[in-house]
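A.B. asks: What follows is a single structure, and I will ask about it in a moment.
In the numbering used here, the protein residues as written are 195 to 404.
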């Protein structure tokens with residue numbers, strides 16, 4: 195079942211239900227897709243408007259990147275459920291003999307790496323969205339400034355929830371090199387998220403009355 199083919203109501207009912215999927219990783223990816231979509235809306239209300247002709251090329255390039263990120267994050271929304279199923283299958287493997295235990299442990303390690311890659315993708319995409327927001331806040335249609343703020347906050351939420359899901363999978367891994375690389379990728383994305391936090395603060399300062 196493709197989660198992204200469900201209605202919003204259906205998806206949230208599945209998320210609230212007793213089945214293990216969709217879970218937090220899928221929700222993190224969806225939050226990222228909503229961040230990209232909110233930012234893309236600002237671009238859509240800017241490109242093609244004579245008033246913003248001077249910045250159309252720049253905003254159009256931002257819009258293209260945001261639409262690509264939205265698509266990538268929607269794919270990750272579905273892939274998270276598939277990765278979880280792989281982990282569950284690995285843990286369900288027989289472990290009666292030494293050979294079975296060895297095969298099971300190898301399968302678990304591979305499945306956990308695959309499961310970590312999905313939220314790592316969310317974390318990376320959230321960082322990419324964050325990097326685009328300062329220019330969008332400056333050049334985009336000012337009537338949609340609050341939507342840039344929404345995108346910034348959602349990107350931060352996607353990053354934080356994605357990071358949680360990465361760490362859950364890393365906890366069961368034995369490959370210290372993989373763990374170090376994953377945490378380096380998280381740190382790189384976190385540095386980019388600084389831009390999103392700054393944008394959210396500036397938007398709040400302008401939009402929220404004292």
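From the three backbone atoms N, C-alpha and C, an ideal C-beta is built for every residue, glycine too.
List the endpoints of the continuous alpha helix (DSSP H) containing residue 230.
C.D. replies: Position 36 of the chain shown, counted from the first residue, corresponds to residue 230. Start and end: 218-238.
A.B. asks: Ignoring anything shorter than 3 residues or poking outside the stretch 266-333, list the beta strand (DSSP E) runs there in chain order.
C.D. replies: The qualifying runs do not exist here; there are none.
A.B. asks: What is the DSSP secondary structure of residue 380, reduced to helix, strand or coil?
C.D. replies: One-based indexing of the chain shown puts residue 380 at position 186. Residue 380: helix per DSSP, three-state reduction.
A.B. asks: Give me the Cα-Cα distance between residue 398 and residue 237, rounded to the nearest whole angstrom.
C.D. replies: As a position in the chain shown, residue 398 is number 204, starting the count at 1. As a position in the chain shown, residue 237 is number 43, starting the count at 1. Going from the Cα of residue 398 to the Cα of residue 237 covers about 20 Å.
A.B. asks: Using alpha carbons as the reference points, say which of 245, 200, 365 and 233 lies closest to residue 271.
C.D. replies: Reading the chain shown from its first residue, position 77 is the one you call residue 271. The shortest Cα separation from residue 271 among 245, 200, 365 and 233 belongs to 200.
A.B. asks: Along the chain, where does the alpha helix (DSSP H) that runs through residue 340 open and close?
C.D. replies: Stepping through the chain shown from its first residue, residue 340 is reached at position 146. Taken as a continuous stretch (DSSP letters only), the alpha helix (DSSP H) holding residue 340 covers 339-364.
A.B. asks: Using only CA atoms, which one of 278, 228, 260 and 303 lies nearest to residue 329?
C.D. replies: The residue you call residue 329 lines up with position 135 of the chain shown. When only C-alpha atoms are compared, the closest one is 260.
A.B. asks: Report all residues from its chain with a CB closer than 7 Å to the CB of residue 256; omit the five preceding and five following residues, and keep chain order.
C.D. replies: Along the chain shown, read from residue 1 onward, the residue named residue 256 stands at position 62. 237, 326, 329 and 330, listed in sequence order.
A.B. asks: Is the beta carbon of residue 352 closer than 8 Å to that of residue 316?
C.D. replies: Stepping through the chain shown from its first residue, residue 316 is reached at position 122. Stepping through the chain shown from its first residue, residue 352 is reached at position 158. Result yes, Cβ atoms of residue 316 and residue 352 sit closer than 8 Å.
A.B. asks: Taking Cβ to Cβ, would you say residue 479 is nearer than 8 Å to residue 312?
C.D. replies: Outside the displayed span of the chain (195 to 404) sits residue 479, for which this structure offers no information.
A.B. asks: Output needed for residue 368: all residues of its chain with C-beta closer than 8 Å, excluding positions within five of it in sequence on either side, in chain order.
C.D. replies: Counting from 1 along the chain shown, the entry for residue 368 is found at position 174. Taken in chain order, the residues that qualify are 303.
A.B. asks: Residue 421: which of 264, 216, 210 and 212 sits nearest, CA to CA?
C.D. replies: Limits of the chain in this structure are 195 at one end and 404 at the other, which puts residue 421 out of reach.
A.B. asks: Can you grab the Cα-Cα spacing for the pair residue 342 / residue 217, in whole Å?
C.D. replies: One-based indexing of the chain shown puts residue 342 at position 148. One-based indexing of the chain shown puts residue 217 at position 23. Residue 342 and residue 217: Cα-Cα distance of roughly 27 Å.
A.B. asks: Answer with buried or exposed for residue 220, where buried requires no fewer than 16 other C-beta atoms within 10 angstroms of its C-beta.
C.D. replies: For the purposes of this step, residue 220 is taken as residue 26 along the chain shown, with counting starting at 1. Buried, since its Cβ has 16 or more Cβ neighbours within 10 Å.
A.B. asks: Rounded to whole angstroms, what is the Cα-Cα separation between residue 226 and residue 355?
C.D. replies: As a working note, residue 226 is residue 32 in the chain shown. As a working note, residue 355 is residue 161 in the chain shown. Using only the alpha carbons, I get a separation of about 10 Å.
A.B. asks: Please identify the residue among 286, 321 and 268 whose C-alpha is closest to the C-alpha of residue 386.
C.D. replies: If you number the chain shown from 1, residue 386 lands on position 192. It is 321 whose Cα lies nearest to the Cα of residue 386.
A.B. asks: Given residue 314, which residues of its chain have a CB within under 8 Å of its CB, disregarding the five upstream and five downstream residues?
C.D. replies: The count along the chain shown starts at 1 and reaches residue 314 at position 120. Excluding residues within five positions, the ones whose Cβ falls inside 8 Å are 356, 360, 376, 379 and 380.
A.B. asks: Between which two residues does the alpha helix (DSSP H) harbouring residue 248 extend?
C.D. replies: Within the chain shown, numbered from 1, the residue matching residue 248 stands at position 54. Neither: residue 248 is in no alpha helix (DSSP H) and is coded neither H nor E.
A.B. asks: Return the first residue and the last residue of the alpha helix (DSSP H) that residue 208 is part of.
C.D. replies: The residue given as residue 208 occupies position 14 in the chain shown. From DSSP, the alpha helix (DSSP H) with residue 208 extends over 202-210.
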